[in-house]
Structures are given as structure tokens and as C-alpha cells.
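Step one of this worksheet: look at the structure below.
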Amino acid sequence: MLLSPVCIFPGIFLKLFILTIQTAFTYITGAISELYDEREAASIAHIIMEHLTGMSKLDRIVHKTKILSPDQKQRLKTAIEALQRQEPVQYITGTGWFYGMELLVNKNVLIPRPETEELVEWIVQDAAHRHRLHLLDVGTGSGCIPLALKKSLPDAQVSAVDVSEGALEVARSNASRLHLDVNFLLMDALNPAQVSTLPSFDLIVSNPPYITQSEQQSMQERVWGYEPSIALFVPDSDALLFYRHISMMAQQKLLPGGALYFEINEALGKEVVALMEELGFKEVTLKQDMFGKDRMVKGKI
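Residue numbers for the sequence shown follow this note's numbering, so the first one is 4 and each next one is one higher.
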């Protein structure tokens, strides 16, 4: 198969041709056509074009003949080169969407996923008629979970911890931009001495690292090659490492009637349920995501 000059010489192509908004969109989809199917390539192109122009999809249709500036062309070239290296588009634009919020993201944090929105929605539904709850998110990353919970449950007192200072910088920036009051703390959830300093909570939630190292071989490079491995992987020899430690933490820190929520590896649903039941949790519930995969677990104290 012959590749177009757009794919092989993106810099030269940009210098030789004047690009309008419409032709730039076509240029992007052509440049990444070997990596993504047509629908995904178009979605990525729309994200890049909105990032470059600051214009909505409708505005770009209306002004499709508007010519890109030299600066926009240079930024487009940089974006195309990153996409061709399979860098996720969210890291290129520096933003990702979660629960109706535009969040800052970089390589210190995972890109928020739709499945995690379902976990948030489960908690919000359970907590809708409760007031002044104290909530904790363990391994917060970009802060997507606690920020979404604070947005939906404004009278809740929300805290979040992470072992990465780089991740906490992103989370705090997101909280500031969204004007949401969340208390972010640097903490290793596997360190009992640090965990002991936490107060008590009504609800604890965590989307911990849960992909075994052997599963990496079946993952797309655009995930494991760019997203932080510390937030993705657990040893093959102890796939339940974080579930066990966080469950033990929750046993100590949850108030009577409190609940622990996990996002889980779809292959470990029964194992996580069994672990929580062995540790004394009641009414342990396994819930599927929108794709019918085991994805969430809840247990009560």
C-alpha cells in the first residue's frame, strides 16, 4: 500500500500548501489513517481542530474556508507528529473530558475513562439523599473522581490522596480551574503509618492500578507507552495488592454504615468480591459497566 505524502512528509506538506480549516481537518485524518479507523480518526481530527482554532464544530463548518495562521500550522505539524507516534490526543491538547468537566491532563496522570464515570454515577445515586458526607478517593490521579463527586454532592467534604506529587499538581490545578473544594494529600496508600493519620469517612472510593504486567502485551502502545505505569500495573504475583490494602484501610477508616467502592479489572470481579467478604464487608455487590464487563464493586461496613 502506498502512503500519501501527508503521512510521509507532514512538515514539507504544511510548508507547501495553504491550509483552510476544512483542508486541515482532511489533512489530519489522512495523516493518521494507518493508525486509526475512519470514525476514530475523524473524532481525533475534530479534537485537534477545536484545540488549534478555539472554535466549535459548528463554527468550523461555518468558517471552513478560513485559512490557518503560520502559528496554527506549526502547532498542527507538532500535533500530527505526536499522533503518528501514537501519543494520546488528550496529552497533545492537554485536556480530557470527564463527567461534563474539562480536565487538565498530562503524562503524570491517567486519561479519564467513561467506565469511571459509571462508578461516580453509582456513588452519586447511593448518596443523593445523604448530607454532609465525608468522602475519600484513593489514588486520585487527575482528580476526576473527587471533583465529579464534589460537583454532584456540593455539601460533601471530599478528600483525595495520591503517591505522586506530579499527579497532585494536576489535580489541584483542576480543582482551582473548576472552583471545587477538594482536599488533596500526598500519601502512599500502602503505608500503614501514613494511612493511620487519616480521619474517618462515610465513603471511600478507589480506581487503583489493576492491570497485571502480563496483560501489557495485549494493550495498545498508545496506553502503556504514554500513560504512567505506576497508575496502571500491578505484579502478576499479587494482582489484588491494592484492593487488599485499601480494603484493610477502609475497615479502619469507614464510619458505621460506610461503604467502599472500587473500579476493578474485569477479569478479577469474583476475586475482589471474595477478598472483601473475607475481610468482613457486607452486601458486597459486583456491577457491570456499559459494555457488560465486570467493572465495579461495592461493600458495606
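Built from N, CA and C at the ideal position, the CB exists for glycine as well.
Would a C-beta distance cut-off of 8 Å place residue i and residue j closer than the cut-off?
| i | j | result |
| --- | --- | --- |
| ASP140 | VAL237 | no |
| LEU107 | ALA27 | no |
| GLY144 | ALA178 | no |
| SER162 | ASN194 | no |
| ASP184 | GLN216 | no |
| LEU263 | ASP205 | no |
Helix or strand or just coil, what does DSSP make of residue i?
| i | result |
| --- | --- |
| PRO117 | helix |
| SER250 | helix |
| ASP184 | coil |
| ILE11 | The predicted model places ILE11 with a pLDDT of 47, which falls under 50 and marks its position as unreliable, so this point remains unresolved. |
| PHE390 | The requested residue 390 does not occur in the structure, where the chain is confined to residues 4 to 304. |
| SER167 | coil |
| GLU43 | helix |
| SER155 | helix |
| THR288 | strand |
| SER162 | strand |
| THR200 | coil |
| SER209 | strand |
| THR143 | coil |
Which two residues bound the contiguous beta strand (DSSP E) that contains residue i?
| i | result |
| --- | --- |
| LYS303 | 297-303 |
| PRO259 | 257-266 |
| HIS134 | Taken as a continuous stretch (DSSP letters only), HIS134 belongs to no beta strand (DSSP E), as it is neither H nor E. |
Could you tell me the boundaries of the alpha helix (DSSP H) in which residue i lies?
| i | result |
| --- | --- |
| GLU281 | 272-281 |
Excluding sequence positions up to five away, which residues of its chain have a Cβ less than 6 Å from the Cβ of residue i?
| i | result |
| --- | --- |
| LYS67 | ILE24 and GLN25 |
| LEU244 | VAL237 |
| GLU124 | none |
Once the 5 residues before and after residue i are set aside, which same chain residues still bring their CB inside 7 Å of it?
| i | result |
| --- | --- |
| PHE101 | PRO115, GLU120, CYS147 and ALA151 |
Keeping to the same chain, check which residues put their C-beta closer than 8 Å to that of residue i; ignore five residues upstream and five downstream.
| i | result |
| --- | --- |
| ARG175 | GLY146 and PHE187 |
Practice item. At 4 residues or longer, and completely inside the region 16-40: list those alpha helix (DSSP H) runs for me, N to C. Key: 24-34
Check your understanding: Counting only runs that start and end within the region 66-117, where is the alpha helix (DSSP H) found for 4 or more residues in a row?
Key -> The region 66-117 contains, as complete alpha helix (DSSP H) runs of 4+ residues, the segments 73-87 and 92-96 (chain order).
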